[in-house]
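J.:
In my numbering, the protein residues as written are 437 to 571.
This is the structure we're talking about:
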């Protein structure tokens, strides 16, 4: 089964470094978020990079305050087809807020590791464990 991020059904079993943030866009529980003119879904694409900084603990819309985790997050059910031990990155293209096991490689893409797969659907997300980096 190929890796997929359904961007739905996330179960967060543990979240560390909780803080209240005000959203600048619509988010779904488990989305990786960054700040670029406000808190919004992260994206690795070179022309519009938004580096991952935290994980949304709940769904929300622009102007709403939600809790987000800036530390370690243990998340299940949103991701599928993962390979145990594989690194996770912020997705690129139009997959704002999603995760991928494929490192972005286009020059200027964000390629910071933001977590690891523990099982096929279980992931440990640590958005701030590494410095920002680009391909």
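All C-beta atoms, glycine included, are put in the ideal place defined by N, C-alpha and C.
Note that the structure is predicted; figures quoted are calculated from it, not measured.
Roughly how many whole angstroms lie between the Cα atoms of residue 510 and residue 499?
T.: Counting from 1 along the chain shown, the entry for residue 510 is found at position 74. Counting from 1 along the chain shown, the entry for residue 499 is found at position 63. So the two alpha carbons sit approximately 27 Å from each other.
J.: Between which two residues does the beta strand (DSSP E) harbouring residue 532 extend?
T.: Position 96 of the chain shown, counting from 1, holds the residue named residue 532. Here residue 532 belongs to no beta strand (DSSP E), and DSSP marks it neither H nor E.
J.: Leaving out the 5 sequence neighbours to the left and right, which residues in its chain are closer than 6 Å to residue 457 when beta-carbon positions are compared?
T.: The count along the chain shown starts at 1 and reaches residue 457 at position 21. Correct list, in chain order: 475 and 504.
J.: Starting from residue 560, trace the beta strand (DSSP E) both ways and give me its first and last residue.
T.: Within the chain shown, numbered from 1, the residue matching residue 560 stands at position 124. Residues 559-561.
J.: Do residue 449 and residue 512 come within 8 Å of each other at the CB atom, strictly closer than that value?
T.: Taking the first residue of the chain shown as 1, we reach residue 512 at position 76. Taking the first residue of the chain shown as 1, we reach residue 449 at position 13. Cβ atoms of residue 512 and residue 449: closer than 8 Å.
J.: Tell me which same chain residues have a C-beta within less than 6 Å of the C-beta of residue 453, skipping the five on either side of it?
T.: Reading the chain shown from its first residue, position 17 is the one you call residue 453. The answer, listed in chain order, is 505, 506 and 507.
J.: Roughly how many angstroms lie between the CA atoms of residue 519 and residue 562, to the nearest whole one?
T.: For the purposes of this step, residue 519 is taken as the residue at position 83 of the chain shown. For the purposes of this step, residue 562 is taken as the residue at position 126 of the chain shown. Spanning the two alpha carbons is a distance of roughly 17 Å.
J.: Given a cut-off of 8 Å on the beta-carbon distance, is the pair residue 464 and residue 492 in contact?
T.: Taking the first residue of the chain shown as position 1, residue 464 is located at position 28. Taking the first residue of the chain shown as position 1, residue 492 is located at position 56. Closer than 8 Å, so yes.
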